[in-house]
Amino acid sequence: MDLFSCGCIKALNSHVQALIGACPFVQLAATTLGLALLCCVSLALVRRGFKILFTRKFQLDKFGEWAVVTGATDGIGKALVIQMAKKGMKIFLISRNEERLRQTEQDLQAAVPALRGVKSFAVDFSEGSTESLFQKLDAALKNLDVGILVNNVGVSYPHAMFYDELDLETLDQLINVNVRSTLVTTRVLYPGMVSRRRGAIICVGSGASEIASDPLYCAYSATKGAAEAFCRSLQPECASKNILVQCHVPLLVTTKLSKMRKTNLMTPSTEKYAKAAVAAIENGSLRGPTTISPYCVHRCIIWLSNAVPRRIWEAAYLPRCLSIRKRALKKKEQQAEAKKDM
1 MDLFSCGCIK
11 ALNSHVQALI
21 GACPFVQLAA
31 TTLGLALLCC
41 VSLALVRRGF
51 KILFTRKFQL
61 DKFGEWAVVT
71 GATDGIGKAL
81 VIQMAKKGMK
91 IFLISRNEER
101 LRQTEQDLQA
111 AVPALRGVKS
121 FAVDFSEGST
131 ESLFQKLDAA
141 LKNLDVGILV
151 NNVGVSYPHA
161 MFYDELDLET
171 LDQLINVNVR
181 STLVTTRVLY
191 PGMVSRRRGA
201 IICVGSGASE
211 IASDPLYCAY
221 SATKGAAEAF
231 CRSLQPECAS
241 KNILVQCHVP
251 LLVTTKLSKM
261 RKTNLMTPST
271 EKYAKAAVAA
281 IENGSLRGPT
291 TISPYCVHRC
301 IIWLSNAVPR
311 RIWEAAYLPR
321 CLSIRKRALK
331 KKEQQAEAKK
341 DM
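Encoded structure:
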């Protein structure tokens, strides 16, 4: 989430200045924290350089012929399929809307003239039993040499809200779309990867579960945190089978889900983020860290949120979330009044 918007920096700065002025020890701690941050960033850059120079890259098409991407018709998912198609992968699109799947197929063919192949399948992860969902996906993906699975589909809150304001329908969608979809789709494709002894399982989680706290989005953070825990525990099973496991944890990207439209340093375009995500897969390690934030600025924000005292983070971040809630409720009231006048 964008730490540097909506007055967060001003709030953070005022709290830090108050603490520093009150106690010399705090001044020393702040200096130490600054030096630690500088060292962390420097080491990250050096490590990245060594990875680029000396780590053997995975070639995406060596995992297998097909890349399966859920939530592939918009946002990060759509950007990822374009980047992977450019790397020589055949693409299998999964989304709930048949019409948008057809449109995405056309967009993909236009963006990648040398596209090796594309298929699609419409399924709504929020509906049906786990067994019926498994059977549908298994029938659609049967006999395909699937090398890469990207569990990307996800839903969030309509807007920031307190947990007691969250309706049960939204809660059900969060669990089914953010958690069940990942577990079921992976369960469908995992045996094939094991038998072929190659593959990559990529889960798109969220930085919301990695930052110090994400108030007014707690259920969303919890369901996205499930992907991180799943990947962390799945990796030991997969490493000896030559299967790469990663959980990508982006913060804000210009997508409909994030409701962000303008790009900036903290909020990259979907294309820029997708390129970083593909590079993270190519530079992956079978036994390396599973939780990865491909975009370097997001990594720094996540680190910073956990480095500063929690009360300082929440003093800066909670007002931002409350402001989002206030604006959303005001907009709802205006829309309700407009309907009455019609």
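Residue numbers for the sequence shown follow the UniProt record's numbering, beginning at 1 and rising by one. Backbone N, C-alpha and C define an ideal beta-carbon position, used for all residues, glycine too.
### Query
Closest to Asp-172 by CA distance: which of Tyr-157, Val-184, Thr-186 is it?
Tyr-157
### Coil, strand or helix - Thr-70 by DSSP
strand
### Task
Please name the residue in Trp-303, Lys-326, Leu-329 whose C-alpha comes closest to that of Cys-39.
Trp-303
### Message
Using C-beta distances below 7 angstroms, list every residue in its chain close to Gln-235, excluding the 5 sequence neighbours before and after it, in chain order.
### Response
Val-245, Thr-290
### Inter-residue spacing [alpha-carbon to alpha-carbon] between Ser-285 and Gln-103
35 angstroms
### Query
Would you call the segment 249-259 and the segment 55-64 in contact, with 3 or more CB pairs under 8 angstroms?
no
### Query
Just how far apart, CA to CA, sit Leu-137 and Ala-307?
42 angstroms
#### Entry: Minimum length 3: unbroken beta strand (DSSP E) runs contained in the segment 121-181
146-151
### Query
Looking only at DSSP bridge pairs, what is Cys-247 linked to?
Cys-203, Thr-291
### Query
What is the DSSP secondary structure of Phe-92, reduced to helix, strand or coil?
strand
### Query
Just checking my contact of Ala-208 with Tyr-217 at CB under 8 angstroms: how many whole Å lie between their CB atoms?
6 angstroms
#### Entry: Where Lys-119 falls: helix, strand or coil (DSSP)
strand
### Task
Name the two residues that bound the continuous alpha helix (DSSP H) containing Met-84.
75-86
### Message
Is the beta carbon of Val-150 closer than 7 angstroms to that of Ile-202?
### Response
yes
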